[in-house]
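What follows is a set of notes on a single structure, which appears directly below.
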Amino acid sequence: MNKYKKLIVNTITFALGTFGSKLMVFLLIPIYTGVLAPAELGTADNIIQSAYLLIPLAGLSINEAVLRFALDRDSNKADVFSTGLIVNFIGLSLLLCVFPLLLFVRIIADHLVLLYVYVFIGTFKAIASNFIRGMGYVKLFAFDGIMNTAIMSFLTIFFLLVMRSGIQGYISAIILADCISILFLFKIADLGKFVKWRRIDKTMSRAMVAYSIPMIPTAIMWWITNASDRFMITYMKGEAANGLYNTASKLPYIITILAGLFAQAWQISAVAEEESASRNRFYERVFDFYQTLIFVGSAGLLLFIKPLMKILLRGNFNYFDGYIYAPFLVMSTVFSAFVSFFGSIYVTQKKSNRALVTMSIGGFLNIMLNLCFIPILGPMGAALATFISYAVVFPIRVIDTRKYVKFRISWGKIITNTGILLAMSLIIINDPRFMGVYLAILFIIAIIANAKVGLRALFTLIDGFKKKRIGQE
Numbered sequence: 282m283n284k285y286k287k288l289i290v291n292t293i294t295f296a297l298g299t300f301g302s303k304l305m306v307f308l309l310i311p312i313y314t315g316v317l318a319p320a321e322l323g324t325a326d327n328i329i330q331s332a333y334l335l336i337p338l339a340g341l342s343i344n345e346a347v348l349r350f351a352l353d354r355d356s357n358k359a360d361v362f363s364t365g366l367i368v369n370f371i372g373l374s375l376l377l378c379v380f381p382l383l384l385f386v387r388i389i390a391d392h393l394v395l396l397y398v399y400v401f402i403g404t405f406k407a408i409a410s411n412f413i414r415g416m417g418y419v420k421l422f423a424f425d426g427i428m429n430t431a432i433m434s435f436l437t438i439f440f441l442l443v444m445r446s447g448i449q450g451y452i453s454a455i456i457l458a459d460c461i462s463i464l465f466l467f468k469i470a471d472l473g474k475f476v477k478w479r480r481i482d483k484t485m486s487r488a489m490v491a492y493s494i495p496m497i498p499t500a501i502m503w504w505i506t507n508a509s510d511r512f513m514i515t516y517m518k519g520e521a522a523n524g525l526y527n528t529a530s531k532l533p534y535i536i537t538i539l540a541g542l543f544a545q546a547w548q549i550s551a552v553a554e555e556e557s558a559s560r561n562r563f564y565e566r567v568f569d570f571y572q573t574l575i576f577v578g579s580a581g582l583l584l585f586i587k588p589l590m591k592i593l594l595r596g597n598f599n600y601f602d603g604y605i606y607a608p609f610l611v612m613s614t615v616f617s618a619f620v621s622f623f624g625s626i627y628v629t630q631k632k633s634n635r636a637l638v639t640m641s642i643g644g645f646l647n648i649m650l651n652l653c654f655i656p657i658l659g660p661m662g663a664a665l666a667t668f669i670s671y672a673v674v675f676p677i678r679v680i681d682t683r684k685y686v687k688f689r690i691s692w693g694k695i696i697t698n699t700g701i702l703l704a705m706s707l708i709i710i711n712d713p714r715f716m717g718v719y720l721a722i723l724f725i726i727a728i729i730a731n732a733k734v735g736l737r738a739l740f741t742l743i744d745g746f747k748k749k750r751i752g753q754e
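Numbering follows this note's numbering, in which position 372 of the sequence shown is assigned residue number 653; successive positions increment by one, without gaps.
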């Protein structure tokens, strides 16, 4: 299959399985904001963000190694999966020993048992999902995404609206959905046949652990850049302010969906093209289209940001003021997507230590900027700090990865698109008269500036399908 066509077909497959499920999560926002007060939503978000930090720590980031080594054609899949499970058990046991120390963390101390169960299930879910993706079970991975979110949505509605169980129900819905997903994957993919406790290739295991260990601090740095601001807002401005910030962070979720769908398919294609003679040209064209998609999608989201907020909140204006934090969070998501794209180069080259170095810069910068901005600007300062951090890490990763893959990047277009998004963001924050007109004009400019690449990608896809049909004839 043509490599461009394969990438697009895989992306569409992930989209069919993931977009619907992600859309359901997006549509649940009115339920969260309607049932939970801003302070309660802030507390629930702190639990979830704590789990995001602890899952790579507890699992020793072995799920990342499971995905990468399962993608290798000549790897022993049973050794890969079994190593992942064993390392995960060891990590969870170590975490259990030190878990009581979290009693001193005030904002999560009352929910430690729930948090540990969340982390326990989350680590195994990550291993199972990454393994089937690495095995090439794209359709199964996509279907599991739909099923998982459908179950979580049903349980969320049941726990919040019927049982009125608040924060406990909100988190329990996620845990139970992941449990069912794990059982489903073991049954359908027959994962049991890949489990063995003896005679595991020690060379493979050592290689996986060596790959995963640097991913632990890398994941921490990702967490610092993405989530530490939630805790700093809570400590400096209170849980209600974090609740508003959390609501604003849901709006860029659409861009996160687009980037995530592509990233899942791209990682498979990037590994497959590792030894290709035309690899550099492939990377160049794909990234050119990718950044076009992300920029135009973000401009479209900013164009409709206030109407979307009103629809999502359904008249619950306790959260509405949080929309002004969303523009810089959208821009953060844009550059986070670009950072992840170049992170795929580290994955293909198995250079997890370089991923750590570059993300450490972003994590350190984010903390420093949060300390400077949040006391003065509140949640707006946190959003601005996150955007600046990713915007700095992006060119650093571009330069650092050139030693592995060299391809041309349209810096002029990136700067132009960033300027358009920045102008739209400032307009939204200042809320001038005729705001909608100004945003619409800038959105049209964004479309015109990116039209050439979009059309070229379309012709490439058509050409790929034509070649496939000719080959069949």
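We put the CB at the ideal spot given by N, CA and C, even for glycine.
Just so it is clear, the structure is predicted and the values come from calculations on it, not from any experiment.
The shortest C-alpha to C-alpha distance from Phe467 to any of Leu436, Thr484 and Ala409 is the one to Ala409. In the three-state DSSP reduction, Lys631 falls in the coil class, being neither helix nor strand. Within the same chain, Cβ atoms closer than 7 Å to the Cβ of Ile648 are found at Ile505 and Ser509, the five residues on either side in sequence being excluded. Under the DSSP assignment, Asn411 falls in the alpha helix (DSSP H) whose first and last residues are Leu393 to Gly415. Between Gly323 and Glu565, the beta carbon gap of about 43 Å keeps them out of contact (Cβ cut-off 8 Å).
Annotation: the segment 486 to 542 contains the following complete segments of the alpha helix (DSSP H) (minimum length 4 residues), in chain order: 496 to 518 and 520 to 531. In the three-state DSSP reduction, Ala318 falls in the coil class, being neither helix nor strand. With at least 16 other beta carbons inside 10 angstroms of its own, Phe563 counts as buried. For Pro660, the enclosing alpha helix (DSSP H) has its first and last residue at Pro660 to Thr682. Taking 7 Å as the cut-off, the Cβ atoms of Val674 and Thr699 do not count as close.
At a cut-off of 4 residues, the continuous stretches assigned as alpha helix (DSSP H) that sit fully inside the segment 430 to 497 are 447 to 469 and 483 to 493. Rounded to whole angstroms, the Cβ separation of Asp459 and Gly403 is 6 Å, and the two are in contact under 8 Å.
Only exposed fits Asn711, as fewer than 16 other CB atoms lie within 10 angstroms of its CB. Below 8 Å, too few C-beta pairs join the segment 469 to 481 and the segment 443 to 450 to call them touching: fewer than three. The segment 626 to 642 makes contact with the segment 496 to 505, as at least three CB pairs between them are under 8 Å.
The C-beta distance from Phe616 to Tyr685 rounds to 21 Å, too long to meet the 8 Å contact threshold. Burial check for Trp547: the Cβ neighbour count within 10 Å reaches 16 or more, so the residue is buried. A contact is defined here as three or more CB-CB pairs under 8 Å, and the segment 370 to 389 meets this definition with respect to the segment 332 to 345. The three-state reading of DSSP puts Phe715 in coil, since its state is none of H, G, I, E or B.
Non-local beta-carbon contacts of Gly659 in its own chain, meaning distances under 7 Å to residues more than five positions away in sequence, involve Lys518 and Ala522 in chain order. For Gly340, the three-state secondary structure derived from DSSP is coil.
For Tyr685, there is no enclosing alpha helix (DSSP H), as DSSP marks it with neither H nor E. By a beta-carbon distance limit of 8 Å, Tyr606 contacts Tyr526. Their separation comes to about 6 Å. Secondary structure of Asn357 (DSSP, three-state): coil. For Val611, the three-state secondary structure derived from DSSP is helix. The beta carbon of Leu574 sits closer than 7 Å to the beta carbons of Leu539 from its chain, once the five residues preceding and following it are set aside; these are given in chain order. Per DSSP, reduced to three states, the secondary structure at Ser691 is coil, with no helix or strand assignment. Cα atoms of Leu382 and Ala390: separation of roughly 9 Å, rounded to the nearest angstrom. Phe412 and Val361 have their C-alpha atoms spaced approximately 8 Å apart. Arg354 sits exposed, since fewer than 16 C-beta atoms from the chains shown fall within 10 Å of its C-beta.
The continuous alpha helix (DSSP H) containing Tyr571 extends over residues Arg560 to Leu584. Your pair Phe619 and Ala727 does not check out as a contact, with CB atoms roughly 16 Å apart and the cut at 8 Å.
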